[in-house]
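**Student:** Each residue of the sequence shown is one higher than the one before, starting from 1 at the first, in the UniProt record's numbering.
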Amino acid sequence: MMTSPSSHAHSPPTTIEQIHDVTRILTLTGCVTSVHFQQDGLPSRHSHVTYNDSLPDLTAATVCFRVRLVQYRKVVPFLSYAVEGNGDELFIGYHALSHEVQVACCGGLVEVFTPTQDPQLHLGQWASLCVVLDLAGRQVVVYHAVNSSLQQSVMQEGVGEEAEVRGGGRLVVGQRQAVVDGGFSTAFSLRGQLADLRLFDTVLTQDEVLSFVTCQAAEGVAAAPLVSFAALQDAFRVGEAEVGSLQVQDACMDAAWQLVVISHPVTFHDAQSLCGLLGQPADRALVTPASMDEQDALLAGVAPYEDSCLSGNTSLGDLWVDGMALGTDSFHNFVEEVTMIDSSTCVSVSVWGDTRGLWHHTDCRDLKCAACRAPRPSVWWLRGHDTLLDHGFSLLTGNLSAMTGFFGSSLTLEEGGSAGLGQWRVASAAHPHVSAVLPRTSLTHYPFGVHEWRLRTATLATVNASLLLTRCGQDQLTCRDGRCIQRDYRCDLEVDCSDSSDEQDCGRVRKAAGYKREVSPPRAVGSGAQRVGVRADVLAVTKLDIAGFRVTVELRLELTWRDSRLTFLNLQQDTWKNKLSGGDLWRPAVEYLSSDGSASDLRHRGHNLYALHHQGAARDSFTDTLEDAIYQGNETKLKMVAQEEVTFSCPFDLFAFPFDEQQCDLIVALLELPRTDVTLTPQKVAVNFTGQRTMLHYYLDDEQADVVLLENRSAFRLRFRFINLSSYFIPSTYVPTFLLLVVGYLTFFFPLDDFSDRIMSTLTSLLVEAAFFTQVSASIPQTSYLKLVDMWFVFCIIFLFVVMLALVAVNSLQPEENTDTIVEDIRCEEPFYMRFNLKVNPEPLPKQQSHAREGGICCCAGKQKRIKKRTRAEVLNLTFRIVLPILLILFLILYFCSVMIFPAPMKEEVEVVEEVEGEEMEEEYGMEEEESGSGEHEGYEGSEDGEGGGGVLEEDGEGVVEEEEGGI
1 MMTSPSSHAH
11 SPPTTIEQIH
21 DVTRILTLTG
31 CVTSVHFQQD
41 GLPSRHSHVT
51 YNDSLPDLTA
61 ATVCFRVRLV
71 QYRKVVPFLS
81 YAVEGNGDEL
91 FIGYHALSHE
101 VQVACCGGLV
111 EVFTPTQDPQ
121 LHLGQWASLC
131 VVLDLAGRQV
141 VVYHAVNSSL
151 QQSVMQEGVG
161 EEAEVRGGGR
171 LVVGQRQAVV
181 DGGFSTAFSL
191 RGQLADLRLF
201 DTVLTQDEVL
211 SFVTCQAAEG
221 VAAAPLVSFA
231 ALQDAFRVGE
241 AEVGSLQVQD
251 ACMDAAWQLV
261 VISHPVTFHD
271 AQSLCGLLGQ
281 PADRALVTPA
291 SMDEQDALLA
301 GVAPYEDSCL
311 SGNTSLGDLW
321 VDGMALGTDS
331 FHNFVEEVTM
341 IDSSTCVSVS
351 VWGDTRGLWH
361 HTDCRDLKCA
371 ACRAPRPSVW
381 WLRGHDTLLD
391 HGFSLLTGNL
401 SAMTGFFGSS
411 LTLEEGGSAG
421 LGQWRVASAA
431 HPHVSAVLPR
441 TSLTHYPFGV
451 HEWRLRTATL
461 ATVNASLLLT
471 RCGQDQLTCR
481 DGRCIQRDYR
491 CDLEVDCSDS
501 SDEQDCGRVR
511 KAAGYKREVS
521 PPRAVGSGAQ
531 RVGVRADVLA
541 VTKLDIAGFR
551 VTVELRLELT
561 WRDSRLTFLN
571 LQQDTWKNKL
581 SGGDLWRPAV
591 EYLSSDGSAS
601 DLRHRGHNLY
611 ALHHQGAARD
621 SFTDTLEDAI
631 YQGNETKLKM
641 VAQEEVTFSC
651 PFDLFAFPFD
661 EQQCDLIVAL
671 LELPRTDVTL
681 TPQKVAVNFT
691 GQRTMLHYYL
701 DDEQADVVLL
711 ENRSAFRLRF
721 RFINLSSYFI
731 PSTYVPTFLL
741 LVVGYLTFFF
751 PLDDFSDRIM
761 STLTSLLVEA
771 AFFTQVSASI
781 PQTSYLKLVD
791 MWFVFCIIFL
801 FVVMLALVAV
811 NSLQPEENTD
821 TIVEDIRCEE
831 PFYMRFNLKV
841 NPEPLPKQQS
851 HAREGGICCC
861 AGKQKRIKKR
871 TRAEVLNLTF
881 RIVLPILLIL
891 FLILYFCSVM
901 IFPAPMKEEV
911 EVVEEVEGEE
921 MEEEYGMEEE
931 ESGSGEHEGY
941 EGSEDGEGGG
951 GVLEEDGEGV
961 VEEEEGGI
């Protein structure tokens, strides 16, 4: 069986420009036969034409025709050929809802559907189609063109056996046969015109097919058709259908716009406004002829409305034209000399009488008819009902007071109404008891926009209903007065409609029946726990209290999840516009804990809930007049943003102070929600710091985030790593205290007999050192263990104390020494020796002494040399000079090596059993930078600062009040 539901083999599209360089201009002239089916608008099984003869067996065929649909049916049959046992031996039809041309043949062996999305087969527009069946080559090709837009669809599938169209059957146009020459149904019938039908028993070439669908030269098709509407009178039996003729250029060169007449007199500005509702800008909506031929065509189009247009018009001119669009060289036909056109003077043209075709300067407040330029196709939608009436309508004629429904309804202006001005009625030909009526309140009252209608339903009940009649497309929104604006303008917190209707009824969320905020969102079958994406933006570390073992941070916590019980409306790309008010929606409650499990202190800065925009919006159903964009809850993320100032405890390990590194953990845990129900999942960027990293004594070196399991609850852990700015303590503490050590050491270079100065200098250094110790100890936390800075001070104090003891020891040896100078004999080359004492006169030395001891003088060759012997005090003093620096250097090496080698403190986990992997949800909850990045955050309508208790973010029944007081 040959099928092509979705995957068709397409050949490269052929455009009109590729056929010939100059043959784009219509060259096919003359008339062709046309059949109008169901012209009265009533669905009928008897409206068809039947080919009198039978067809031969066919393995190749080409069917070409031109069609103009007036209304759709469930399936619109173009051609139906039936044989015994198969009603669809060859069937060509159109499915309006799916916009597909269906081709079926050969007892079900071949069935293909080709989309006609661009161009569509719109009501009221002519389209040319050709279907080429090459059954031997297993190929079906469908060509169709609307105006100059061409689509070529190729569908080719292999079949298990050779297919052919069996002969001897019955060919019917306008109905679908269930059996041979019967089984007709109104649901499968054609309402519209079908012209120039040709059925060939051969495969036409591509150029021949294109010459037909693109309305090229008649000689482009050389083959003679097997069946043709040219012989309709003789070869076909006509049922309830009207046979006529059609100018080919009318079918091939359908205008892109149509003339629509406002057949009741209105002012010029009302005419501009009404014409603007038809799809053209108001300043270009009125038809203004640019030549005499265009003027003649305009007057001919308006002529049928003489009675209604002349009523109430007493001034010259019968039809408004846009005088403001006239230039100095523009076409005109003024009776009088052309004068300047201003805002109070307009232009009209006479349509009837002796002045027909003449132009006049007219007061803009006069009442006249108008001709509007409406785009084709002119499709209108009736929203706000769920009855058997159509939702789609087309303006097929130039009469603004009559529209045709897509499947059988009609909208007309009829006589009646309470004010005698008539009333608008929507009625169904198939269901005459169902209708909608709108009384007319003035001659310029048209049903466009939102109005209160009297609706009669299938149960014969009459109710008042707000219905919206609009021509706005799927990407547009209708103002209450009927004008169209962009769909994104709906509820965007900016007024775009003149009546502000785009900012009315702007609720953002709808809750399903039975919704309870205490119940967490339902989980999809087999999906496990409800996943909540989590992210934290740390705005600042406002306080690092070393003495109190506490850290204060200001952060913005973001939680994202989906709730299939909710439906969201008109979401904007600017997230701050999608704020959801009220506390009646479920949201995850969290608490802030320290690493030891103790509760933190909270100060609430703000708390908001948003719905995030995405591209998966659907249009609201036709039962609603608001034209809301609908976002399903299972596809739309909710984002709760809480900005908090959190103060939590951190067990600082100060052993290496002031060269320490501290690690502090803040845990955000779900409150009373087990991990089996709700679990946290980190986003792609789980934590981001945006504040100043440098504090008074510390520097924030790193921040990390992960998800852990805490007492069977999912928790989000923020870990901060602080590095002490030791450069402050080095000049303020270490350098001065080291200099005091140097001062104490330098006393060993004072004179030995100057004990008072030596001991006072050392004692002063010791006292200053102790004062430093006391001052620094008061500014850092008191711990039960010694810190590195404590060890430094202890060493300094001990060092100076040892210096004092050394000075006392050296001084204690001073009185025991002999003050006499010891003189030694000194052997000289010349025999002259002398011994002397500092207290007596010198005496000659015995010649036998060969050396002079210290204190003596040796006179050799006119030179003298004195040698003095060291005392025990001097030796001890010299020993301290050498030993103490060595001890100081060794201590410094050991001290600063411990600073470099001593590792950062390791923190014990707070009852963390396991880490929860978040990679699985990174793609689902990982948000782009423009959505939740640090550079683009929503505005906060934060409450006044208030101290929170217990570190808990709850969502209880008083959530709204708590938010005003700083809580959530």
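For every residue, glycine included, the Cβ atom is placed at its ideal position computed from N, Cα and C.
Treat the numbers as computed from the prediction; the structure is a model and nothing was measured.
Whose C-alpha, out of 483, 236 and 488, is nearest the C-alpha of residue 499?
**Tutor:** The count along the sequence shown starts at 1 and reaches residue 499 at position 499. Considering only alpha carbons, the answer is 483.
**Student:** At what residue ranges does the region 90–134 contain a whole run of the beta strand (DSSP E), taking only runs of 3 or more?
**Tutor:** 100–105, 110–115 and 126–134
**Student:** Under 8 Å by Cβ, that's how I've got residue 747 and residue 803 pegged, so tell me the actual separation to the nearest angstrom.
**Tutor:** For the purposes of this step, residue 747 is identified with residue 747 of the sequence shown, where counting begins at 1. For the purposes of this step, residue 803 is identified with residue 803 of the sequence shown, where counting begins at 1. Between residue 803 and residue 747 the Cβ distance is about 7 Å, and since that is below 8 Å, they are a contact.
**Student:** Candidates 101, 416, 470 and 32: which alpha carbon is nearest residue 276's?
**Tutor:** The sequence position of residue 276 within the sequence shown is 276, counting from 1. Closest by alpha carbon: 470.
**Student:** What residue range is occupied by the uninterrupted alpha helix (DSSP H) comprising residue 234?
**Tutor:** The sequence position of residue 234 within the sequence shown is 234, counting from 1. It spans 232–235 - the alpha helix (DSSP H) in which residue 234 sits, taken as one unbroken run.
**Student:** Cβ of residue 883 within 8 Å of Cβ of residue 703?
**Tutor:** Your numbering for residue 883 matches position 883 in the sequence shown. Your numbering for residue 703 matches position 703 in the sequence shown. No.
**Student:** Does the region 254–261 come into contact with the region 69–79, if we say contact requires no fewer than three beta-carbon pairs (one atom in each stretch) closer than 8 Å?
**Tutor:** no
**Student:** Fully enclosed by the region 493–539, which beta strand (DSSP E) runs are 3 residues long or longer?
**Tutor:** 509–511
**Student:** Inspect the beta-carbon positions of residue 750 and residue 773 and report whether they are closer than 8 Å.
**Tutor:** On the sequence shown, residue 750 is found 750 positions in, with the first residue counted as 1. On the sequence shown, residue 773 is found 773 positions in, with the first residue counted as 1. Not in contact: residue 750 and residue 773 (Cβ atoms no closer than 8 Å).
**Student:** Is the CB-CB distance between residue 110 and residue 61 below 8 Å?
**Tutor:** Stepping through the sequence shown from its first residue, residue 110 is reached at position 110. Stepping through the sequence shown from its first residue, residue 61 is reached at position 61. Not closer than 8 Å, so no.
**Student:** Which whole runs of the beta strand (DSSP E) in the region 564–645 are 3 residues long or more, in chain order?
**Tutor:** 566–569, 590–594, 601–611 and 629–632
**Student:** Spell out the partners DSSP gives residue 399 in its beta bridges.
**Tutor:** Looking up residue 399 in the sequence shown gives position 399. BP columns for residue 399 point to 261.
**Student:** With a CB to CB cut of under 6 Å and the five nearest residues on each side skipped, what residues in its chain are close to residue 446?
**Tutor:** Here residue 446 is taken as the residue at index 446 of the sequence shown, counted from 1. Hits under 6 Å: none found.
**Student:** DSSP state of residue 1030, grouped into three classes?
**Tutor:** The question about residue 1030 has no answer here: the residues shown for the chain are numbered 1 through 968.
**Student:** Check each candidate in 730, 540 and 662 and name the one with the smallest Cα separation from residue 687.
**Tutor:** Position 687 of the sequence shown, counted from the start, is the residue given in the question as residue 687. Out of 730, 540 and 662, 540 has the C-alpha closest to the C-alpha of residue 687.
**Student:** Hey, could you find the ends of the beta strand (DSSP E) residue 144 is sitting in?
**Tutor:** Position 144 of the sequence shown, counted from the start, is the residue given in the question as residue 144. Run containing residue 144: 139–146, per the beta strand (DSSP E) assignment.
**Student:** Please give me, in chain order, every unbroken run of the alpha helix (DSSP H) with length at least 4 that falls completely inside the region 717–787.
**Tutor:** 735–746 and 755–779
**Student:** Span of the alpha helix (DSSP H) holding residue 472?
**Tutor:** In the sequence shown, counting from the first residue as 1, residue 472 sits at position 472. No alpha helix (DSSP H) contains residue 472, which DSSP labels as neither H nor E.
**Student:** Which residues bound the beta strand (DSSP E) around residue 895?
**Tutor:** The sequence position of residue 895 within the sequence shown is 895, counting from 1. No beta strand (DSSP E) contains residue 895, which is instead part of the alpha helix (DSSP H) from 872–901.
**Student:** Do you know how far the Cα of residue 188 is from the Cα of residue 480?
**Tutor:** Taking the sequence shown and counting its residues from 1, one reaches residue 480 at position 480. Taking the sequence shown and counting its residues from 1, one reaches residue 188 at position 188. So the alpha carbons of these two residues sit roughly 37 Å apart.
**Student:** On the premise that residue 586 lies in contact with residue 521, defined as a C-beta separation below 8 Å, what is that separation, rounded to the nearest angstrom?
**Tutor:** Against the sequence shown, residue 521 aligns to sequence position 521. Against the sequence shown, residue 586 aligns to sequence position 586. Between residue 586 and residue 521 the Cβ distance is about 6 Å, and since that is below 8 Å, they are a contact.
**Student:** Please list, in chain order, all residues of the same chain as residue 230 whose beta carbon is under 7 Å from its beta carbon, the five residues on each side excluded.
**Tutor:** Numbered from its first residue, the sequence shown carries residue 230 at position 230. The beta carbon of residue 230 sits closer than 7 Å to those of 33, all from its chain and outside the five residues before and after it, given in chain order.
**Student:** Does DSSP put residue 376 in a helix, in a strand, or in coil?
**Tutor:** Taking the first residue of the sequence shown as 1, we reach residue 376 at position 376. Of the three classes helix, strand and coil, the one that applies to residue 376 here is coil, per DSSP.
**Student:** Considering only the alpha carbon of each residue, which of 805, 112 and 797 lies closest to residue 888?
**Tutor:** As a first step, residue 888 is located in the sequence shown; it is residue number 888 there, counting from the start. Ranking the options by Cα distance to residue 888, first place goes to 797.
**Student:** Residue 221 to residue 425, Cα distance in whole Å?
**Tutor:** Taking the sequence shown and counting its residues from 1, one reaches residue 221 at position 221. Taking the sequence shown and counting its residues from 1, one reaches residue 425 at position 425. Between residue 221 and residue 425, the C-alpha separation is close to 48 Å.
**Student:** What is the DSSP secondary structure of residue 669, reduced to helix, strand or coil?
**Tutor:** Within the sequence shown, the letter at position 669 stands for residue 669. Residue 669 carries a strand assignment under DSSP once its states are collapsed to helix, strand and coil.
**Student:** Who are the near neighbours of residue 56 in its chain, counting only those whose CB is closer than 6 Å to its CB and skipping five residues on each side?
**Tutor:** Taking the first residue of the sequence shown as position 1, residue 56 is located at position 56. Taken in chain order, the residues that qualify are 167.
**Student:** Give a yes or no on contact between the region 458–470 and the region 612–631, applying the rule of three or more CB pairs nearer than 8 Å.
**Tutor:** yes
**Student:** In whole angstroms, give me the CA-to-CA distance for residue 106 and residue 85.
**Tutor:** Position 106 of the sequence shown, counted from the start, is the residue given in the question as residue 106. Position 85 of the sequence shown, counted from the start, is the residue given in the question as residue 85. C-alpha separation (whole angstroms): 11 Å.
**Student:** Comparing alpha-carbon positions, which option in 712, 652 and 639 lies nearest residue 670?
**Tutor:** Stepping through the sequence shown from its first residue, residue 670 is reached at position 670. Nearest of 712, 652 and 639 to residue 670, Cα basis: 712.
**Student:** State the CB to CB distance for the pair residue 408 and residue 440, rounded to an integer number of angstroms; the pair is presumed to be in contact (CB under 8 Å).
**Tutor:** Counting from one through the sequence shown, the residue named residue 408 turns up at place 408. Counting from one through the sequence shown, the residue named residue 440 turns up at place 440. Not confirmed; about 24 Å, so no contact.
**Student:** To the nearest angstrom, how far is the alpha carbon of residue 92 from that of residue 177?
**Tutor:** As a working mapping, residue 92 is identified with position 92 in the sequence shown. As a working mapping, residue 177 is identified with position 177 in the sequence shown. When rounded, the distance between both Cα atoms is 12 Å.
**Student:** Measuring CA to CA, which of 251, 348 and 243 is closest to residue 295?
**Tutor:** Here residue 295 refers to the residue found at position 295 of the sequence shown. Checking every option, the nearest Cα to that of residue 295 belongs to 348.
**Student:** Which residues bound the beta strand (DSSP E) around residue 455?
**Tutor:** For the purposes of this step, residue 455 is taken as the residue at position 455 of the sequence shown. Note, residue 455: beta strand (DSSP E), 449–456.
**Student:** In whole angstroms, what is the alpha-carbon distance linking residue 966 and residue 506?
**Tutor:** Sequence index remark: in the sequence shown, residue 966 carries index 966 (1-based). Sequence index remark: in the sequence shown, residue 506 carries index 506 (1-based). Note on residue 966: pLDDT 34, under 50, position unreliable in the model; the coordinate value appears next. About 27 Å.
**Student:** Per DSSP, which one or two residues make a beta bridge with residue 64?
**Tutor:** Here residue 64 corresponds to residue number 64 of the sequence shown, with the count starting at 1. Residue 64 is bridged to 130 and 198.
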